[in-house]
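What follows is one structure encoded as structure tokens, with my remarks underneath.
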């Protein structure tokens, strides 16, 4: 017990305060090349042509790489491998990667990428979950625009609402959110004499990265090494592949060390987002202040690719009741494809959107009951022995009531007296 | 190419550089001082903060050639064998998370406390208002600046 219960200085902090912590962009290697990708500028369509031959002639350009030059898998993804590493023909969002250019320095790379010209056939995309669910909507997923559909049911929802003295029924929307971790994506790859590839990257999933790079290069995982550098923030935004495969591919083809560095703009365009959600909530409460029924429908805009969409919407469904005991629950949550930026992991992972709805419902119902909102929450909050909507019995460590007691002390609210005002 | 001479962390440097080179690139690429970070490249985030003749600047918004004859301080230049009290304070109150904003935060705090050792909390907040921390560690950072102030006053 050298550290438990004590203030300790985190081991990585020292290098960070003296400016010696190494993030990927701080790595420089003799003879290193710079690579970058041309990305789609329209959300949905097909590539007709790219002026790759012209780009090869730009001074300083070392290699121009398209999907045909990828030795292995041409797409990646944490669960479903649906995100193109380089687009074959159809693309589904702004920011999909079309062409990987490798140059001798940053300046030549910029000129080359600025000169890439793409001819598109543009398709009519869908940009709201409502449009994506229409019968004539283009199908973006595997036979459907519904990536994931989960139901959580407990008790008898009809009976529950019959018992209700008050009902609150409302629609809530949450917005797309960007991580804006402060260190833009960067990866540096090198090749050993025996052909093994090393990728230095700030990542949340070195093991997933190794698998994806190995698949992309059609190499054994043992021959790929992912070296995690210091990570300049992540918040879920570094769970999917971003520069890893491109850097490794450029090194594989040129046999040289390569750096891929994103600008802030490219960082924002490329990586996942927090799911924007539309939430329908109908909550019933009995005359005595006890919650009796909850019906929820959640529509998560999962964007163009799957990423963690299933897992995020599952978490929303599981957390839909909030930390409250409700005997009758009917929840359904769907992750729906659109041509928006793809949604994935971000701090809270689907549990961050639902509180807007369940807590607003609690305030509305407290007002209808003429109860103090904290008393109303306290009356319904989980405790040891509570059974959640997914029928999990909470056997230990349920601290919510204790938190509320502390809050009540601060504001001098009597929680255990007759709670009606 | 243009010849430029400036003092960085007490050392005089002369280099022939392209006229449009940013001070940030001069520091990182020419001098190989990697503690100054690029977060946005457009003067919003403050990760590239350096001190020029006592005032803080976003080095991504400054042309290196405009620093002729000036004295620049980067994160590598504020401590010798021992840590600067501001660095100590950042360690002690755990004001460091991902670390990417940290060099800029420390330099903004230093520029403030060098000018006004009696700075108020409000002045501290203003001093770091150009430095973004996305790990949301502002409270600890302000605590660190306050602790550093105490340490510096004792000296």
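Chains as they are written, first to last, in our numbering: chain A, 172 to 592; chain B, 82 to 236. All residues carry an ideal CB built from backbone N, CA and C; glycine is no exception.
Contact holds between the region 496-513 of chain A and the region 296-307 of chain A, because three or more Cβ pairs, one in each stretch, are under 8 Å apart.
Interface residue (Cβ-Cβ distance to chain A less than 7 Å): residue 152/B is not classified as such. Counted as a single uninterrupted DSSP element, the alpha helix (DSSP H) harbouring residue 487/A occupies residues 480-489. Between the region 413-426 of chain A and the region 354-366 of chain A, the count of C-beta pairs closer than 8 Å reaches three or more; the two stretches touch.
Between the alpha carbons of residue 143/B and residue 294/A lies a gap of roughly 43 Å. With 16 or more other CB atoms across the displayed protein chains lying within 10 angstroms of its CB, residue 492/A is buried. DSSP, read as helix, strand or coil, puts residue 336/A in coil.
Between residue 409/A and the set 479/A, 333/A, 366/A, 232/A, the nearest pair of CA atoms involves 479/A. Cβ-Cβ distances below 7 Å link residue 212/B to 127, 130, 182, 185, 186, 189 in the same chain, with the five nearest sequence neighbours on each side left out; the list follows chain order. Apart from the 5 residues on each side of it in sequence, residue 134/B sits with its Cβ closer than 8 Å to the Cβ of 151, 152 in its chain, given in chain order. Under the three-state reduction of DSSP output, residue 216/A falls in the strand class. Around the Cβ of residue 566/A, a 10 Å sphere holds fewer than 16 other Cβ atoms; the residue is exposed. Within its own chain, the residues whose Cβ lies closer than 8 Å to the Cβ of residue 136/B, once the five positions on either side in sequence are excluded, are 192, listed in chain order.
Put simply, the CB of residue 338/A is far from chain B, with every gap to its CB atoms at 7 Å or more. Contact note: residue 434/A reaches chain B through 122, using a C-beta cutoff of 7 Å and chain order. Within the region 205-221 of chain B, the residues whose Cβ lies closer than 8 Å to some Cβ of chain A are 213, 214, 215, 216, listed in chain order. Contact annotation for residue 129/B against chain A: no contact, minimum CB-CB distance about 11 Å [criterion: below 7 Å]. Distance from the CA of residue 389/A to the CA of residue 276/A, rounded to the nearest whole angstrom, comes to 28 Å.
What residue 468/A touches in chain B, judged by beta-carbon distance under 9 Å, is nothing: the nearest beta carbon there is about 32 Å away. Sequence-distant partners of residue 576/A (beyond 5 residues in either direction) whose C-beta falls short of 7 Å from its own C-beta, in its chain, are 586. Annotation: residue 361/A is outside any alpha helix (DSSP H); the continuous beta strand (DSSP E) that includes it extends over 357-362.
The alpha-carbon of residue 291/A is positioned some 10 Å away from that of residue 262/A. Between residue 229/B and residue 170/B, the beta carbon gap of about 4 Å places them in contact (Cβ cut-off 8 Å). Residue 97/B has 84/B as its beta-bridge partners, per DSSP. About 4 Å separates the beta carbon of residue 506/A from that of residue 318/A, a gap short enough to meet the 8 Å contact definition. In the DSSP assignment, residue 226/A falls within the unbroken alpha helix (DSSP H) covering 223-227. For the 7 Å CB-CB criterion, residue 463/A and residue 385/A do not form a contact. Against chain A, a Cβ distance below 9 Å from residue 91/B picks out nothing, because the smallest value is about 15 Å. For residue 351/A, the nearest beta carbon of chain B is closer than 7 Å to its own beta carbon.
If you draw a straight line from the Cα of residue 527/A to the Cα of residue 546/A, it comes to about 19 Å. Chain-ordered, the chain B residues with CB closer than 9 Å to the CB of residue 197/A read 109, 115, 116, 118.
Here the C-alpha atom of residue 482/A lies approximately 13 Å from the C-alpha atom of residue 407/A. In this model, residue 438/A and residue 550/A are separated by some 45 Å (Cα to Cα).
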